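> Structure below; questions to follow.
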């Protein structure tokens, strides 16, 4: 009996010490070390403190903690072109040997002749549809994985997955560690993103909501497969983002993060919900460490969104001022 | 120092005891108490033992553990009509006061005059589209919640959510307790199901994949809302089930459960994956405690699927033989 009491007491003391120690550590360690101290960082932490304090009026129940993140320009860079488009252009070069007519057929000829400035929006859609279809779901996954693990960015020479934003990785971790389920809600293709987001962002494939190509279930030689078809059926941009969040998640997010007018509807819908809400734009203000652009950029244009964020008091993460470090490798 | 060593030893012993105790309990307690002992139950448990034993060749890594469940006829009853259709018929009666022309306009007149046997598939679609649209996402959620908490089944008189299958609730729990993420993949509407599945099945809204009505993002008096539109854009049945699983989850399930030919493609695609797989049909064989039907039923027809399951050695849960209890309230 004495041994039992001693054991119980020892366990109790050990657990109490551990709990106290963890609390102390949580208070002392900085959850967002790549963020400079300032109003943006403070506002994020203040939001989280209230949202997770069950005695606060701003408390958010655990099963409502949904946070959505745009990808291009919000979690990784998007210049000179969306990285998925660079993948599509690489695919054109790779597939050209099987399409002898391409060097003379626009829009493929523009790509093969280095005239990508001639590409219209319709041309880009044609190229994406042609390069992202005609194979099984498993084959496409392998194609993207092969590309992303070997391709290098045209100006930085870095692998694309090393051009993710360290402050945003920390932010996603911070939200997850406070019980939030984190989702990608992006104009990028769902299958393109799923090939690499698990390992890069620690987000499982089913929490990735992207644009959709049509797909078909087929028995080929008696073997079931999903075949990708050359038709974009959901362009997950602008007003489609809240709609797709509704269709896929079924709930309004509590927090949403974007960087362009393409994210504005998602942020509007998020912030308009009852109770505590957080909406934030990443503002590309750092020409030296990343890129500087907003109202007049062809990629990631942030114009109306910037006005609405300022008017509504939403958060704006100023890359240059708020971010101590941009990419994970920058401190090496 | 002595105290420290004592504490550590005590903790170690306590943890060891707890671990041994849990192992013993796991072996002794039955995870599927509503299932009769027999080959179906044994096969399920054997599958799980191997899938979760890291020394087994049949081991499934934690992040691949995806199990998909059809809803109507698999997790709850579906006679005399799909419950969502009964909801739609109730809605017609309720909305009739605002539609004075309905008593003379088919297909609404059929419903209002008790001639539901006259309804064609197209009529049903017309009724679903008319009764499930024209309101905000929040309003629709409230309408379904109000209905499901008050409506009673026409023949049993039970609330619909008490007509779920206890053995399947146990099965979902069993899968979740072994690290599987459980998803509903149903022909039912995604928003209809999400209004009640969290509390009934312990499945969060984002793990519900259903048919989709079109929806639109709108600013109404400056307030953002999602408005439901009268157009079915995804009919999540038959060959669309594996396609929608691919679009929403991005991975092939390891285990899939259905009860009709509408689930056949999902089960085919699941079982055709590499490594250990489990496919099971619920076979409605119990005219006394539930309903008895398969090859010739208008609702939940199981014909080709039954042949393919038998030929392929898939599991078939025979309600009458395999299930000790059907509904949760049956033992009261």
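Residue numbers (full-length UniProt numbering), protein chains in the order written: chain P, 1 to 332; chain L, 1 to 332.
Positions of the beta carbon are idealized from the N, C-alpha and C atoms, including for glycine.
For clarity, every value in this text was computed on a predicted model and none was experimentally measured.
(1) Could you round the C-beta distance between residue 302(P) and residue 236(P) to whole angstroms and report it? I think they count as a contact, below 8 Å.
(2) Taking the alpha-carbon positions, what's the residue 78(L) to residue 300(L) distance?
(3) Look at the alpha carbon of residue 147(P) and the alpha carbon of residue 320(L), and state the distance between them as a whole number of angstroms.
(4) To be precise: take each residue of the region 235-256 of chain P, compare its Cβ to all Cβ atoms of chain L, and keep it if any distance is under 7 Å. Which residues remain?
(5) Show which residues of chain P have a CB atom less than 8 Å away from the CB atom of residue 190(L).
(6) Would you say the region 58-77 of chain L touches the region 178-196 of chain L, given that touching needs at least three Cβ pairs under 8 Å?
(7) Quick check: what's the CA-CA separation for residue 284(P) versus residue 330(P)?
(8) Does residue 154(L) come within less than 9 Å of chain A when only Cβ atoms are used?
(9) Can you tell which of 325(L), 91(L) and 327(L) has the C-alpha that lies nearest to the C-alpha of residue 129(L)?
(10) Using alpha carbons as the reference points, say which of 229(L), 232(L), 295(L) and 247(L) lies closest to residue 261(L).
(11) With a threshold of 9 Å between beta-carbons, can residue 143(P) be considered close to chain L, or not?
(12) Give the residues of chain L in contact with residue 205(P), contact being defined as C-beta atoms less than 7 Å apart.
(13) For the beta strand (DSSP E) that contains residue 47(L), what are its first and last residues?
(14) If you follow the alpha helix (DSSP H) that residue 212(P) is part of, which residue opens it and which one closes it?
(15) Rounding to the nearest angstrom, what Cα-Cα distance links residue 82(P) and residue 209(P) in this structure?
(16) Taking Cβ-Cβ distances shorter than 9 Å, what residues in chain P pair up with residue 208(L)?
(17) For residue 277(L), would you say it is in contact with chain P, using Cβ-to-Cβ distances shorter than 9 Å as the test?
(18) Please determine whether the Cβ atom of residue 156(P) lies at a distance below 8 Å from any heavy atom of the ligand ADP.
(19) What does DSSP give as the partner residue(s) for residue 136(L) in the beta ladder?
(20) Kindly list the residues whose CB is nearer than 8 Å to the CB of residue 168(P), restricted to its own chain and excluding five residues on each side of it in sequence; keep chain order.
(21) Smallest Cα separation from residue 308(P): which of 220(P), 325(P), 328(P) and 265(P)?
(22) Can you tell me the Cβ-Cβ gap for residue 60(P) and residue 254(P), rounded? I've got them flagged as a contact below 8 Å.
(23) Closer than 8 Å is the cut-off here; do at least three beta carbon pairs connect the region 161-175 of chain P with the region 29-49 of chain P?
(24) Can you find a C-beta in chain P that's less than 9 Å from the C-beta of residue 45(L)?
(25) So is residue 334(L) buried or exposed if we call it buried at 16+ other beta carbons inside 10 Å?
(26) What separation, rounded to the nearest whole angstrom, lies between the Cα atoms of residue 135(L) and residue 216(L)?
(27) Going by C-alpha to C-alpha distance, which of 292(L), 50(L), 143(L) and 298(L) sits closest to residue 178(L)?
(28) For chain L, check one thing: does any of its Cβ atoms lie closer than 9 Å to the Cβ of residue 24(P)?
(29) Span of the beta strand (DSSP E) holding residue 315(P)?
(30) Would you decide whether residue 166(L) is buried or exposed? Buried here means 16 or more other CB atoms lie within 10 Å of its CB.
(31) Using only the alpha-carbon positions, how far apart do residue 250(L) and residue 150(L) sit?
(32) Closest Cβ-Cβ distance between residue 314(L) and chain P: below 9 Å?
(33) Are the CB atoms of residue 267(L) and residue 279(L) within a distance shorter than 9 Å?
(34) If I measure Cβ to Cβ from residue 202(L) and keep anything under 6 Å in the same chain, skipping five residues before and after, which residues do I get?
(35) Which partner residues of residue 182(L) appear in the DSSP bridge assignment?
(36) Since residue 421(L) sits in a beta bridge, which residues does DSSP pair it with?
In brief:
(1) That belief does not hold up - the Cβ atoms of residue 302(P) and residue 236(P) are roughly 18 Å apart, past 8 Å.
(2) 7 Å
(3) 53 Å
(4) 239, 242, 243, 246, 247, 248, 249, 250 and 251
(5) 247 and 250
(6) yes
(7) 17 Å
(8) The question asks about chain A, but that chain is absent: this structure's protein chains are P and L.
(9) 91(L)
(10) 295(L)
(11) no
(12) 249, 250 and 251
(13) No beta strand (DSSP E) holds residue 47(L); the alpha helix (DSSP H) holding it covers 39-51.
(14) Careful: residue 212(P) lies outside any alpha helix (DSSP H), inside the beta strand (DSSP E) at 208-220.
(15) 17 Å
(16) 250
(17) no
(18) Among the ligands in the structure shown, none appear at all, so the ligand ADP cannot be discussed.
(19) 227(L)
(20) 69, 74, 75, 257 and 282
(21) 265(P)
(22) 6 Å
(23) yes
(24) no
(25) Missing from the structure shown is residue 334(L); chain L here goes from 1 to 332 and no further.
(26) 11 Å
(27) 50(L)
(28) Unreliable placement is indicated for residue 24(P), whose pLDDT of 48 sits below 50; the coordinate value is still reported in the next sentence. Taking Cβ atoms only, chain L never reaches closer than 9 Å to residue 24(P), which makes this a no.
(29) 315-318
(30) buried
(31) 37 Å
(32) no
(33) yes
(34) none
(35) 67(L)
(36) Lying outside 1 to 332, the shown extent of chain L, residue 421(L) is not represented and no answer is given.
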